[in-house]
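Residue numbering for the sequence shown is 65 to 718, as defined by our numbering. Before any comments, here is the structure.
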Amino acid sequence: MATSSDEMKMKPTWRRFEDGDHVWDNLTDKIFNQDRSHKCPTYVHKTPPCQGSCPSGEDIRGWLQIVRGMEKPPQGMDWKEYAFRRSTDANPFPAMMGRVCPAPCQDGCNRNELEDFVGINSVEQFIGDTAIANNYTFEAPELDTGKRIAIVGGGPAGLAAAYQLRRKGHSCTIFEANDGLGGMFRFGIPGYRVPRDKLDAEIQRILDMGRVEVKLKTRIGSDVTVEQLEKDYDAILWAIGCQSGRGLPVPGWEGTPNCVTGVAFLKAFNEGRMKVTAGKVVCVGGGDTSIDVVSVARRLGHVNKSNPNELPETVIRDGYVAHDAASAAAAQGAEVTLTSLFTRDKMTASEHEVDDATREGVTILDGVMPVEVIKDANGRAIGLKVADCTMTDGRPTPVEGTERVLEADLIVSAIGQGGDLSGLEQLDNGRGLMDSDKFYQVPGKAGHFVAGDIIRPHLLTTAIGQAWIAADSIDAYVMQAEHKRRPKVDVHHFNLLDKLNETNLAPETFEVAKLGDLRGTSDGNWAIHNYEDRSGAEVIPHEELFLGHFNYVARNLRKEEVPSADEVLGHFHERVIGLTEAEAIDEAKRCMSCGLCFECDNCVIFCPQDAVYRVDKSERTTGRYVATDYAKCIGCHICADVCPTGYIKMGLGE
């Protein structure tokens, strides 16, 4: 929590108009904003930037409003379950993503312009953990379309697609080459970041929807042919991820036994085969994978090995060899170094993850490039020659005279990943990846769809978002329907009409014979009046908010148990301690509800004509809290000026 001195430094100051800014730039604006005009308030819904920044497209504002108690659940449903159902409309893994997502939503949060972003990840973790504790399940429709979809790959993209497809009534079969589901969740991220019991619970919840068959240790292209899939299924989704790491493009790397990729290193650890590592580990990277490598290496430590079969690279390269438990018991600390081409402020790894690695005893050398692997007479790497570098047009250039050798018993390359398309060469786009169109169809191959890292390695949340759109495309294909036009802002939007239906406040059916003369329709209950939904096209920037409404409120920080360099050896329990219920509610209240009314009453209080009024309680719901009496409104625009969320715009009206 912030200290009182911090509060004094961060007291927000905000003014809508600057000194000297008293002349209208635009004559039309001047005309419409004088004493009286026909420009009256319209309630305009826009997408908040947190949601616009979320590759999964979650309705973040929506579930934050539920947690804070503003948006009420349907009758008979607890708010915790309602928040869970709203969040999982887009992403079926709230407990996982609340822990490991790098949170581009928080980077986009408009509250950054005030003092500090809303802790979206921490509230999402609370929702996910609460759902597991309360045994919430996914609802599967009774509808059975009779369509069968093959999903190749049981990682985040494949599982998310199975979830979305089951909701549409389709049956799915997941083909997974490994011996367990989860993909990068299970084999790429250490258990102290992704607790396996919670991962298993969120996967099982998808399988419990029914009609989701799983075939483990089954590789398409060798165990089952593509042609057989095409024959047995109505559509195929390729969600095979990128399971192959990239080696260092320097002399001496190829063929050197103790030079391994970060992907292979983490897989050996996460499968439980590698229990100790080398005495001196050098990892080249700078992204989240490299941070996981060095953090794991510090936790494992090393033992002095005389048997070549117990060397870490033997376990990493040979999936059938494993260390025994006695090795871990005798482990000593390992010297671990991380090098990055980029300076620390430009590393792609999350800043707090870099800070944690430093606390755990990892040496970080930034602005450094690998030059050559140094080997001994037996062909084993004994060091990595590096040099300081400068970046020119995105390419590193070594600084002359800065070369030096970092001693190493194990060198790990964590500079990127690629796909393994052996047996699937017909789908290879020439770069070890697969092509996709905007609907996530494989171009030129009817019935084939693709999602996740195999398109382009990116974030887990990106794979989940692509799986949602791919599921929509698959549904349209197998049901022989036209693809719906995707909105410009392609996320899961709040829908006022759906909310009115949920609260039994839906507009009446439009009947011309019954309604007669339609001139002057503001009293008719067959439409949503003075409301416009621009959420599919516009993200609301902070400039449209009245930031002066908000006070400084410190973020509720999750506690973290990060071991010191002396404590890290053997420290494998979870670092992140989730928010309590009270903390989660308090943090959700920091949300500024950008682009949607949050019932502050400013417009009602400040309207000089009493034209803006609260909707009757019996007709009130989220997004429908205030309305305007156009007979009283003089177009003074004060309500729009004092609206904290930017929900009120001045539009034409009588």
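Where a beta carbon is used, it is the ideal one built from N, C-alpha and C, also for glycine. As the structure is a prediction and not an experimental result, all values here were calculated from the model.
- Gly183 is the residue among Gly183, Thr152, Thr567, Phe670 whose C-alpha sits nearest the C-alpha of Glu651.
- In summary, Ser186 is buried, with 16 or more beta-carbon neighbours lying within 10 Å of its beta-carbon over all protein chains present.
- With 16 or more other Cβ atoms from the protein chains shown falling within 10 Å of its own Cβ, Gln170 counts as buried.
- Annotated as distal: Arg269 and Phe190, with beta-carbon spacing of 7 Å or more.
- When secondary structure is reduced to three states using DSSP, Asp352 falls in the helix class.
- Per DSSP, the unbroken alpha helix (DSSP H) holding Asp264 starts and ends at 260-271.
- Every unbroken stretch of the beta strand (DSSP E) spanning 3 or more residues and falling wholly within the stretch 370-443 is given here in chain order: 399-404, 427-430, 432-439.
- In the displayed model, Pro168 falls within a helix according to three-state DSSP.
- Between Arg619 and Asp180, the gap from beta carbon to beta carbon is short of 7 Å.
- Asp388 and Val367 have their C-alpha atoms some 12 Å from each other.
- In the three-state scheme derived from DSSP, where H, G and I count as helix and E and B as strand, Glu651 is classed as helix.
- Sequence-distant partners of Cys655 (beyond 5 residues in either direction) whose C-beta falls short of 6 Å from its own C-beta, in its chain, are Leu128, Val182.
- Residue nearest to Arg163 within the set Asp153, Gly397, Phe251, Glu417 is Glu417 (criterion: CA-CA distance).
- Looking at Val435, Leu497, Gly687, the one whose alpha-carbon comes closest to that of Arg468 is Val435.
- Thr353 and Asn559 have their C-alpha atoms some 38 Å from each other.
- Taking a C-beta distance under 7 Å as the contact criterion, Gly192 and Pro158 qualify as a contact pair.
- A Cβ-Cβ separation of about 17 Å leaves Lys449 out of contact with Glu399 under the 8 Å criterion.
- A straight-line Cα-Cα distance of about 10 Å links Ala154 and Ile124.
- When DSSP states are grouped into helix, strand and coil, Asp693 belongs to the coil group.
- Val360 and Gly447 have their C-alpha atoms some 20 Å from each other.
- In the displayed model, Ala629 falls within coil according to three-state DSSP, outside both helix and strand.
- By the 16-neighbour rule on beta-carbons within 10 angstroms, Asn242 is buried.
- Annotated three-state conformation of Gln490 is helix, per DSSP.
- In the three-state reduction of the DSSP assignment, Lys295 falls in the helix class, which pools H, G and I.
- The beta carbon of Val357 sits closer than 6 Å to the beta carbons of Gly326, Phe329, Cys347, Val476, Ala478 from its chain, once the five residues preceding and following it are set aside; these are given in chain order.
- Going by DSSP, Cys703 is part of the alpha helix (DSSP H) stretching over 702-705.
- Ranked by Cα distance from Asp597, the first of His637, Asn615, Pro551 is Pro551.
- With 16 or more other CB atoms across the displayed protein chains lying within 10 angstroms of its CB, Asn322 is buried.
- For Cys661, there is no enclosing alpha helix (DSSP H), as DSSP gives it neither H nor E.
- Between the stretch 561-572 and the stretch 537-550 there are fewer than three C-beta pairs closer than 8 Å, too few to call the two in contact.
- Under DSSP, Val514 takes part in a beta bridge, and its partners are Trp302.
- Each residue's CA atom was taken as its position, placing Gly494 and Glu240 some 24 Å apart.
- Taking all protein chains in view, the Cβ of Val87 is surrounded by fewer than 16 other Cβ atoms within 10 Å, so the residue is classified as exposed.
- Residue environment analysis places Phe574 among the exposed positions, since fewer than 16 neighbouring C-beta atoms fall within 10 angstroms of its C-beta.
- Taking a contact to require three or more Cβ pairs closer than 8 Å, the stretch 666-681 and the stretch 209-219 do not qualify as touching.
- As a beta-bridge residue in DSSP terms, His109 pairs with Asp597.
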